[in-house]
Amino acid sequence: MLVSDLAIPANADERAAALVDFGTYLNPQKVRVMRTAGLDLVEGERSGAWVWDVDGRRFLDCFTSAGSFNVGRRHPKVVAAAKEALDHLDHGNFLLCSAQKARLAERLAELSPGNLMCTTFGTGGGEAVDFALKLARGATGRPRVVSTVNGYHGHTGFALSAGGRDAFREPFEPLIPEFVFVPFGDADALRDAVDERTAAVILEPIQGEGGIVVPPDGYLTAAREACDGVGAKLIFDEIQTGMGRTGRWFASQHEGVVPDVMTVAKSLGGSLAAISATIYTEEMREFLIPHPFIHLSTFGGSDLACAIALATLEVIEEEGLVENAAAMGDRLLAGLAELAARHPDMIGETRGRGLMTGVKYREDSHGPRMSYQLSQRGVLAIYSGNEPSVMRLMPSLIVGPDEIDLLLTALDESINAVRAGDGPADEESTRVRRRPQRAAQEG
Ligand SMILES: Cc1ncc(COP(=O)(O)O)c(C=O)c1O
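So the sequence shown is numbered by the numbering used here: it starts at 1 and just counts up by one.
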């Protein structure tokens, strides 16, 4: 294991140790990649919209684990609910009925659009998508799934098979058969791909990892109609867009389109619990009545996680975070448009809805360079997984005008710095150091 090129600044003991251990026992290349973007920081304290690294540097968190911290990090009410739950609960026995699961499923039914009423819980987004696709195949008895180019649904079996980026799929092929891909936002291509053999169309209402791509008006309606025309099921993956992120509880509500199945995860766990939900209609549930144990998850919807998720939903409602996402999103998008007008050589486009926003730079290389410059100005922001020229700006929904303005100022200054050619310190100027006991082991 070569970790000697993980150049560690000499004054950063805790961080240095964590990075060397991470490189040794997880993956050194991950450390190198994060370093080139100035993001080889190690998280320490975290609170609300902010995170501190172990060296005490403070960052406005505009990545939020791809939209996982909508209520902020360690929200006091969610922490209190978690502590209270720990005094009485544990994961619970997954085979038994549970008051916490029942209460959370009821709440999700109340919040979800249209006739989405029934829930199966999981631990993460990939698991929720896996189950959504299994349910669609099971309920229709059909094989085909239509997904979108650059769509992102996770790295588990069915979810990866639905992933629209070849680099993630190719090393593991053959994946699950009968998945086809159409360009996102192209209603004609979608209609052409959907036929009597189609079990489901799966879409993110706004592509997240694909680079914050908002589809044209009418696209979700066209997807609904294409499915209805042949009896296929429509699945909306709201794992990144849901829980108020776009200024509505769920992004599909902007267009008033109700899917047959919706997946949520990430922010449902309030930054403290691993929980996801696949939410579907009673009609879809018919398939599960004769097969109640056909899909199981030991920790999916654990009693602890459900208690935390219920508190999280309460915070979103009580604090008006959906409305705040809409208002702060408007402020951010207006500021981004103004920046784009002043820096046309650097910014190609700005886009988004609510606090799910993106800046498309003129060149892919601007993504990591801007991440680096922003990190120097106390902003944590990361370019999109499937589209490095687009920087995602997805702060917690608790931010106010001051945080939005701070972000806009940091972007402005960072653009100027990138244009001036400023960049990370030369590798030569950082000292290589290893922890003594690791060095001995490596020798
Ligand atoms: C839209 C979407 N679906 C699914 C996933 C996968 O979720 P997880 O990483 O919890 O498996 C993600 C994660 O970023 C996502 O953004």
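Ideal Cβ placement from N, Cα and C applies to all residues, glycine included.
Less than 7 Å between the CB of tyrosine 361 and some heavy atom of ligand 1, yes or no? Within the sequence shown, numbered from 1, the residue matching residue 361 stands at position 361. Checking the Cβ of tyrosine 361 against ligand 1 gives no.
Taking the alpha carbon of alanine 37 as the point to measure from, which residue in Gly421, Pro401, Ser371, Asp422 has its own alpha carbon closest? Taking the sequence shown and counting its residues from 1, the one referred to as residue 37 is at position 37. It is Ser371.
Helix, strand or coil for threonine 312 per DSSP? For the purposes of this step, residue 312 is taken as the residue at position 312 of the sequence shown. In this structure, threonine 312 counts as helix in the three-state DSSP scheme.
Please find out if some non-hydrogen atom of ligand 1 comes closer than 7 Å to the beta-carbon of glycine 208. For this step, residue 208 is matched to residue 208 along the sequence shown. Yes - ligand 1 has a heavy atom lying nearer than 7 Å to the Cβ of glycine 208.
Closest residue to serine 68 among Glu282, Ser147, Ile239 (Cα-Cα distance): Along the sequence shown, one-based indexing puts residue 68 at 68. When only C-alpha atoms are compared, the closest one is Ile239.
Going by the beta-carbon positions, is the gap between isoleucine 279 and leucine 116 smaller than 8 Å? Start at 1 with the first residue of the sequence shown, and residue 279 comes out as number 279. Start at 1 with the first residue of the sequence shown, and residue 116 comes out as number 116. Annotated as proximal: isoleucine 279 and leucine 116, with beta-carbon spacing under 8 Å.
Report the rounded CA-to-CA distance for arginine 106 versus proline 113, giving the unit in angstroms. The sequence position of residue 106 within the sequence shown is 106, counting from 1. The sequence position of residue 113 within the sequence shown is 113, counting from 1. Here residue 106 is glutamate; the residue named in the question, arginine, does not match the sequence. Taking the straight line joining both Cα atoms gives about 13 Å.
Where alanine 18 and proline 424 are concerned, what is the direct C-alpha to C-alpha distance, given to the nearest angstrom? The residue given as residue 18 occupies position 18 in the sequence shown. The residue given as residue 424 occupies position 424 in the sequence shown. Their Cα atoms are separated by approximately 20 Å.
Residue burial classification, serine 47 (beta-carbon count within 10 angstroms, cutoff 16): By one-based count along the sequence shown, residue 47 stands at place 47. With fewer than 16 Cβ atoms within 10 Å of its Cβ, serine 47 is classed as exposed.
Nearest neighbour of aspartate 40, chosen from Ile294, Ala139, Gly352, Ser375 [CA to CA]: Start at 1 with the first residue of the sequence shown, and residue 40 comes out as number 40. When only C-alpha atoms are compared, the closest one is Ser375.
Spatial distance of leucine 135 from leucine 268 (CA atoms): By 1-based counting over the sequence shown, the position of residue 135 is 135. By 1-based counting over the sequence shown, the position of residue 268 is 268. If I take the Cα positions, the gap works out to 21 Å.
Of the residues Arg377, Ala341, Leu96, Trp249, which one's Cα is nearest the Cα of glycine 320? Locating residue 320 in the sequence shown gives position 320, counting from the first residue. Out of Arg377, Ala341, Leu96, Trp249, Trp249 has the C-alpha closest to the C-alpha of glycine 320.
Alpha carbon to alpha carbon, what distance is there between arginine 15 and phenylalanine 22? By one-based count along the sequence shown, residue 22 stands at place 22. By one-based count along the sequence shown, residue 15 stands at place 15. Rounded to whole angstroms, the gap between the alpha carbons of phenylalanine 22 and arginine 15 is 10 Å.
With DSSP collapsed to three states, give me the class of glycine 164. The residue given as residue 164 occupies position 164 in the sequence shown. If DSSP states are grouped into helix, strand and coil, glycine 164 belongs with coil.
Per DSSP, which residues does glutamine 207 bridge with? Please list them. Here the question's residue 207 lines up with position 207 in the sequence shown. Looking at the DSSP output, glutamine 207 shares a beta bridge with Val213.
Inspect the beta-carbon positions of alanine 325 and glycine 270 and report whether they are closer than 8 Å. As a working mapping, residue 325 is identified with position 325 in the sequence shown. As a working mapping, residue 270 is identified with position 270 in the sequence shown. Going by C-beta atoms, alanine 325 is not nearer than 8 Å to glycine 270.
Alanine 187 and tyrosine 219 closer than 8 Å at C-beta: Taking the sequence shown and counting its residues from 1, one reaches residue 187 at position 187. Taking the sequence shown and counting its residues from 1, one reaches residue 219 at position 219. Less than 8 Å divides the Cβ of alanine 187 from the Cβ of tyrosine 219.
For a quick check, are the C-beta atoms of alanine 265 and alanine 128 less than 8 Å apart? The residue you call residue 265 lines up with position 265 of the sequence shown. The residue you call residue 128 lines up with position 128 of the sequence shown. Cβ atoms of alanine 265 and alanine 128: closer than 8 Å.
CA-to-CA distance, threonine 119 to isoleucine 451, given in whole angstroms: As shown, the chain starts at 1 and ends at 443. That puts residue 451 outside it, with no answer to give.
Under 7 Å: does the beta carbon of alanine 305 sit that close to some heavy atom of ligand 1? Locating residue 305 in the sequence shown gives position 305, counting from the first residue. Alanine 305: no, Cβ never under 7 Å from ligand 1.
Smallest Cα separation from proline 401: which of Arg331, Glu387, Arg351? Looking up residue 401 in the sequence shown gives position 401. Put simply, of Arg331, Glu387, Arg351 the residue whose alpha carbon is nearest the alpha carbon of proline 401 is Arg331.
Is the Cβ-Cβ distance between glycine 300 and glycine 44 less than 8 Å? By one-based count along the sequence shown, residue 300 stands at place 300. By one-based count along the sequence shown, residue 44 stands at place 44. No.
Buried or exposed: where does leucine 190 fall if 16 or more other Cβ atoms within 10 Å of its Cβ makes it buried? Numbered from its first residue, the sequence shown carries residue 190 at position 190. Around the Cβ of leucine 190, a 10 Å sphere holds 16 or more other Cβ atoms; the residue is buried.
Is it the case that the CB of tyrosine 383 approaches a heavy atom of ligand 1 more closely than 7 Å? Position 383 of the sequence shown, counted from the first residue, corresponds to residue 383. The answer is no for tyrosine 383.
Take the Cβ of lysine 101 as the centre, count every other Cβ of all protein chains shown within 10 Å, and call the residue buried at 16 or more, exposed below. Residue mapping note: residue 101 aligns to position 101 of the sequence shown, counting from 1. So lysine 101 ends up on the buried side.
Beta-carbon spacing of leucine 339, methionine 394 below 8 Å: As a position in the sequence shown, residue 339 is number 339, starting the count at 1. As a position in the sequence shown, residue 394 is number 394, starting the count at 1. Going by C-beta atoms, leucine 339 is not nearer than 8 Å to methionine 394.
Proline 368 to glycine 185, Cα distance in whole Å? The residue given as residue 368 occupies position 368 in the sequence shown. The residue given as residue 185 occupies position 185 in the sequence shown. Rounded to whole angstroms, proline 368 and glycine 185 show a C-alpha spacing of 27 Å.
Using three-state DSSP, classify alanine 18 as helix, strand or coil. On the sequence shown, position 18 is the one that residue 18 refers to. Helix, per DSSP.
Same chain, Cβ closer than 8 Å to histidine 291, five either side skipped, listed in chain order: As a working note, residue 291 is residue 291 in the sequence shown. Gly138, listed in sequence order.
Which of the three DSSP states, helix, strand or coil, is assigned to alanine 277? Mapped onto the sequence shown, residue 277 falls at position 277. Residue state for alanine 277 is assigned as strand, using DSSP reduced to three classes.
If we count the other Cβ atoms within 10 Å of its Cβ and call it buried at 16 or more, is isoleucine 289 buried or exposed? Taking the sequence shown and counting its residues from 1, one reaches residue 289 at position 289. With fewer than 16 other Cβ atoms within 10 Å, it is exposed.
Rounded to a whole number of angstroms, what is the C-alpha to C-alpha distance between threonine 64 and leucine 336? Position 64 of the sequence shown, counted from the start, is the residue given in the question as residue 64. Position 336 of the sequence shown, counted from the start, is the residue given in the question as residue 336. Threonine 64 and leucine 336 have their C-alpha atoms spaced approximately 19 Å apart.
Quick one: Cα of leucine 407 to Cα of valine 33, how far? Counting from one through the sequence shown, the residue named residue 407 turns up at place 407. Counting from one through the sequence shown, the residue named residue 33 turns up at place 33. Going by C-alpha positions, leucine 407 is about 23 Å away from valine 33.
Where isoleucine 415 falls, given that 16 or more other Cβ within 10 Å makes a residue buried: Taking the sequence shown and counting its residues from 1, the one referred to as residue 415 is at position 415. Taking all protein chains in view, the Cβ of isoleucine 415 is crowded by 16 or more other Cβ atoms within 10 Å, so the residue is classified as buried.
Does DSSP put glycine 242 in a helix, in a strand, or in coil? The count along the sequence shown starts at 1 and reaches residue 242 at position 242. Three-state DSSP puts glycine 242 in coil, outside helix and strand.
Around the Cβ of serine 365, are there at least 16 other Cβ atoms within 10 angstroms (buried) or fewer (exposed)? Within the sequence shown, the letter at position 365 stands for residue 365. Burial call: exposed.
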